[in-house]
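Numbering (numbering that gives the first Met the number 0), first residue to last: 0 to 695. Report on the structure given below.
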Amino acid sequence: MPIDAAENAWILEMKSAAYALAVDPAGVLAHRYWGPRLPYREDYPPASSPHSWASFDMASNLTREEYPCYAGTRYVEPCLKVTFCDGVRDVVPRFTHAELDGDNATLRLHLRDAYYPFEITLHYRAHVAYDLLERWATLTNQGDAPVVLERAWSAQWHLPPGEHYRLTHLAGRWSDEMHLQRDQLTSGVVRLESRRLATGHQHANWFAIDRGTASENAGEVWFGALAWSGNFAMAAESTAFTSTRVSIGLNDWDFAWQLQPGESFSTPSSIGGFSAQGFTGASQQLHDYIRDHVLPHGAAVHKVLYNSWEATGFQVSEQSQRTLAKRAAAIGVELFILDDGWFHGRDDDAAALGDWWPDERKFPNGLAPLIASVNELGMDFGLWIEPEMVNARSELYRAHPDWVIHFPTRARSEARQQMILNLARADVQEYLIAQLDALLTQNNIAFVKWDMNRNVSEPGWPDAPGDQREIWVRYVQGLYHVWATLRERHPGVIWQTCAGGGGRVDLGILRLADQAWTSDNTDGVARLGIQEGYSYAYPACTMEAWATDASPAYVPLSFRFHSSMCGVLGVGGDLLRWSDEMCAEAAALIEQYKQVRHIVHQGDQFRLGSPQSEACTGVLYLTKDRTEGVLFAFRTFVPFPAQMPPLFPRGLLPTILYEFEGIPGQKSGLAWEQAGIALGLGNFESTMRLVRAVEL
Ligand code: GLA
Numbered sequence: 000m001p002i003d004a005a006e007n008a009w010i011l012e013m014k015s016a017a018y019a020l021a022v023d024p025a026g027v028l029a030h031r032y033w034g035p036r037l038p039y040r041e042d043y044p045p046a047s048s049p050h051s052w053a054s055f056d057m058a059s060n061l062t063r064e065e066y067p068c069y070a071g072t073r074y075v076e077p078c079l080k081v082t083f084c085d086g087v088r089d090v091v092p093r094f095t096h097a098e099l100d101g102d103n104a105t106l107r108l109h110l111r112d113a114y115y116p117f118e119i120t121l122h123y124r125a126h127v128a129y130d131l132l133e134r135w136a137t138l139t140n141q142g143d144a145p146v147v148l149e150r151a152w153s154a155q156w157h158l159p160p161g162e163h164y165r166l167t168h169l170a171g172r173w174s175d176e177m178h179l180q181r182d183q184l185t186s187g188v189v190r191l192e193s194r195r196l197a198t199g200h201q202h203a204n205w206f207a208i209d210r211g212t213a214s215e216n217a218g219e220v221w222f223g224a225l226a227w228s229g230n231f232a233m234a235a236e237s238t239a240f241t242s243t244r245v246s247i248g249l250n251d252w253d254f255a256w257q258l259q260p261g262e263s264f265s266t267p268s269s270i271g272g273f274s275a276q277g278f279t280g281a282s283q284q285l286h287d288y289i290r291d292h293v294l295p296h297g298a299a300v301h302k303v304l305y306n307s308w309e310a311t312g313f314q315v316s317e318q319s320q321r322t323l324a325k326r327a328a329a330i331g332v333e334l335f336i337l338d339d340g341w342f343h344g345r346d347d348d349a350a351a352l353g354d355w356w357p358d359e360r361k362f363p364n365g366l367a368p369l370i371a372s373v374n375e376l377g378m379d380f381g382l383w384i385e386p387e388m389v390n391a392r393s394e395l396y397r398a399h400p401d402w403v404i405h406f407p408t409r410a411r412s413e414a415r416q417q418m419i420l421n422l423a424r425a426d427v428q429e430y431l432i433a434q435l436d437a438l439l440t441q442n443n444i445a446f447v448k449w450d451m452n453r454n455v456s457e458p459g460w461p462d463a464p465g466d467q468r469e470i471w472v473r474y475v476q477g478l479y480h481v482w483a484t485l486r487e488r489h490p491g492v493i494w495q496t497c498a499g500g501g502g503r504v505d506l507g508i509l510r511l512a513d514q515a516w517t518s519d520n521t522d523g524v525a526r527l528g529i530q531e532g533y534s535y536a537y538p539a540c541t542m543e544a545w546a547t548d549a550s551p552a553y554v555p556l557s558f559r560f561h562s563s564m565c566g567v568l569g570v571g572g573d574l575l576r577w578s579d580e581m582c583a584e585a586a587a588l589i590e591q592y593k594q595v596r597h598i599v600h601q602g603d604q605f606r607l608g609s610p611q612s613e614a615c616t617g618v619l620y621l622t623k624d625r626t627e628g629v630l631f632a633f634r635t636f637v638p639f640p641a642q643m644p645p646l647f648p649r650g651l652l653p654t655i656l657y658e659f660e661g662i663p664g665q666k667s668g669l670a671w672e673q674a675g676i677a678l679g680l681g682n683f684e685s686t687m688r689l690v691r692a693v694e695l
């Protein structure tokens, strides 16, 4: 990474992208460039100080600052807002010095307030191979009086000067997550956020920006994400001065953090990337980075699981689960998950959350006999938990009613009849670690599904040591602590993040969870759109998907399987009701999946069409060396007399000959991409086709 400290200017060059910043002539740390890597250092624009437009828009409001702080005549979204102990409510940062880490990939820029002993450190880490930059800020109070942070965002990402930018983001609700949404940015701020304590089903903390012309295949796309699993805010702002930027960080709504003398506060990381290969390139960069650097077990190939929830609900027993397990093993399942209903006093959703030991009536000898029989059938065993929650009817709540998040003078709103334990509290963290550690130590548990089935209410913490509003951050830190401790003690366990489906998927939780439960909506048709949105940000090896009985009868079993085979395949239907023919078909599909899952989990993904707006679509996965691939194609409903248009594959090597299973002829990659593949599917039909490079 070239660096010119003498001129206080830095260029961070990655594989094909670059990012440049400098202290401008007015002494302000300003953005210079983010885009394709340029041939010469001189190509990168200098940081020039803009001229004031009027007394209403002075130079300070027009400078594209790297980390604007609320101060002076600035009215754009700031990243930082503080109050000092004397009531002064702005920050005037002055650049002091830069440091470059030994590996030459991390730059630290130090700024200090013009008057107060308050330091801002901006961190820039280049993930060179992925064309990604990781940014975060550390705020340090070097004075002898507390400072209150009121907004502490992670980064502001500037787009090149220009207009007509378009924001792509993922929006939804429970059972309907991750819908791709595209909005033209006009003058003003588009703010997407969570106030729910978790990331939420409503907005992923991921964005992509283009000039309105990028496609899946081509065009420039800038994108980013936040590694945080709680309240977040993302503000896409376009000014009247051809400046567009996206700021991202902890939500400042109801946020405050007391920084005591000598203390530091570090924001979560934000990742930003640039792709010149359209949205596919952007997704693939992020997928590779997540697989290589975020996921605890990396790009592992995950087992085919069976989950009992949709079959037996809360009515689990040793016998019912043994019977299901036998049927699951017979169709080729490798991992059997006992979902909700197994713990002390749990018969429905009105009781028992908090009491994490096996129900004595349902499992008189504990879980060990069931686990042993699952293991004898050749499968691993996994368990559902919802550690952050408690029901009023539980031993835990009777013993510790003060452990839940609450305002003392308000009724405690329940949702799904449960309340939220305050994971900001050390005693709650210790209780959970002890309970769950015992469970994992005493039983041969290979997989844990960690659920969270409601959002926050009355966000109080009456005996907080400091400002109660710190709960938003301290809760998530507590969650990370509990989860990380359990991971450390049980490193072989595979963890799944679930929050009523995809209510907590982000780059923060994916440091702890190997996969995510994508949605409680398991209809194979609805899932195509949800999975499409999911794939923009997160890789298929994290996307758990089950074939179930939730689809209408006109959606064949094969369609439901093919839809789920686009991620980590699971089965969630009631196997006791499946006919022998269905089981035989399922077994054949699972076997086919096992032959290709390394391509799905570890290869590159190409979206062929958009199921959110088209009836005939496909998803193609190719190995990194492009010698093997697998195509899943789907047709939902197209009224008579429409025909299925061909699907146009992408990503093939242009001059290599390929065969597509079931389609006559061999053609070069380029020829297939031009000709397309006609599959002739009928309504609600799907297919899986292998793709092979022909050996010459
Ligand atoms: C949530 C999950 C489901 C299931 C139930 C159990 O809704 O998303 O998959 O585990 O909880 O109560």
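Ideal placement from N, C-alpha and C gives every residue a C-beta, glycine not left out.
| query | result |
| --- | --- |
| Any non-hydrogen atom of the ligand GLA closer than 6 Å to Asp339 Cβ | yes |
| Below-7 Å beta-carbon distance, Asp603 vs any chain B residue | Reference to chain B is not applicable here, since this structure consists of a single protein chain. |
| C-alpha distance - His399 paired with Val455, whole-angstrom precision | 19 Å |
| Cβ-Cβ separation, Ala515 to Gln530 (assumed contact under 8 Å), whole Å | In fact, because the Cβ distance is near 11 Å, the residues do not count as touching under 8 Å. |
| Gly628 versus His296: straight-line alpha-carbon distance, rounded | 23 Å |
| Candidates Gln591, Arg606, Pro663, of which the one nearest Gly331 by Cα | Gln591 |
| Contact check, Pro145 vs Gln257, beta carbons under 7 Å | yes |
| Stretch pair the segment 524 to 542 + the segment 562 to 574: three plus CB contacts closer than 8 Å | yes |
| Residues that DSSP places opposite Ser518 in a beta bridge | Gly500 |
| Asp519: CB within 6 Å of a non-hydrogen atom of the ligand GLA | yes |
| Three-state secondary structure (DSSP) of Gln283 | helix |
| C-beta contact flag for Ile432 and Thr484 at 7 Å | yes |
| Local conformation of Asp291 per DSSP, three classes | helix |
| Trp308 Cβ short of 6 Å to the ligand GLA heavy atom set | yes |
| Boundaries (first-last residue) of the alpha helix (DSSP H) holding Ser563 | 556 to 564 |
| For Asp23, the three-state DSSP class (helix, strand or coil) | coil |
| Short Cβ contact (7 Å threshold) for Glu219 with Ala275 | yes |
| Contact check, Trp221 vs Phe273, beta carbons under 7 Å | yes |
| Element boundaries [alpha helix (DSSP H), containing Asp579] | 579 to 601 |
| Asp287, buried or exposed, once every other Cβ within 10 Å from all chains shown has been counted against 16 | buried |
| Beta-bridge partners of Leu184, as assigned by DSSP | None, per the DSSP bridge assignment. |
| Where the alpha helix (DSSP H) containing Ile655 begins and where it ends | Counting along the chain, Ile655 falls outside any alpha helix (DSSP H), and DSSP gives it neither H nor E. |
| Three-state secondary structure (DSSP) of Glu359 | coil |
| Same chain only: Cβ atoms within 7 Å of Glu672, ignoring 5 sequence neighbours per side | Phe647, Pro648, Arg649, Leu651 |
| C-alpha gap between Ala25 and Ser48, whole angstroms | 6 Å |
| Cβ-based burial, Phe55 [other Cβ within 10 Å; buried from 16] | exposed |
| Residue range of the unbroken beta strand (DSSP E) whose run includes Lys724 | In the structure displayed, the chain extends from 0 to 695; residue 724 sits before or after that span and is not available. |
| According to DSSP, residues forming a beta bridge with Ala549 | BP columns for Ala549 are empty, so no partner. |
| Residues bridged to His202 (per DSSP) | Ala170 |
| DSSP state of Tyr533 mapped onto helix, strand, coil | helix |
| Helix, strand or coil at Arg36 [DSSP, three-state] | coil |
| Rounded distance between the beta-carbons of Arg194 and Trp152, thought under 8 Å | About 16 Å separates the two Cβ atoms, so there is no contact after all. |
| In chain order, each beta strand (DSSP E) run of at least 3 residues that lies wholly inside the segment 65 to 102 | 79 to 82, 92 to 99 |
| Proximity test, Thr120 beta-carbon vs the ligand HEM heavy atom, cut-off 6 Å | In the structure shown, the ligand HEM is absent; the only ligands present are the ligand GLA. |
| Among His202, Val475, Leu131, Thr167, nearest to Glu192 - alpha-carbon criterion | His202 |
| Whole beta strand (DSSP E) elements within the segment 214 to 270, 3-residue minimum | 220 to 225, 231 to 237, 243 to 249, 256 to 258, 263 to 265 |
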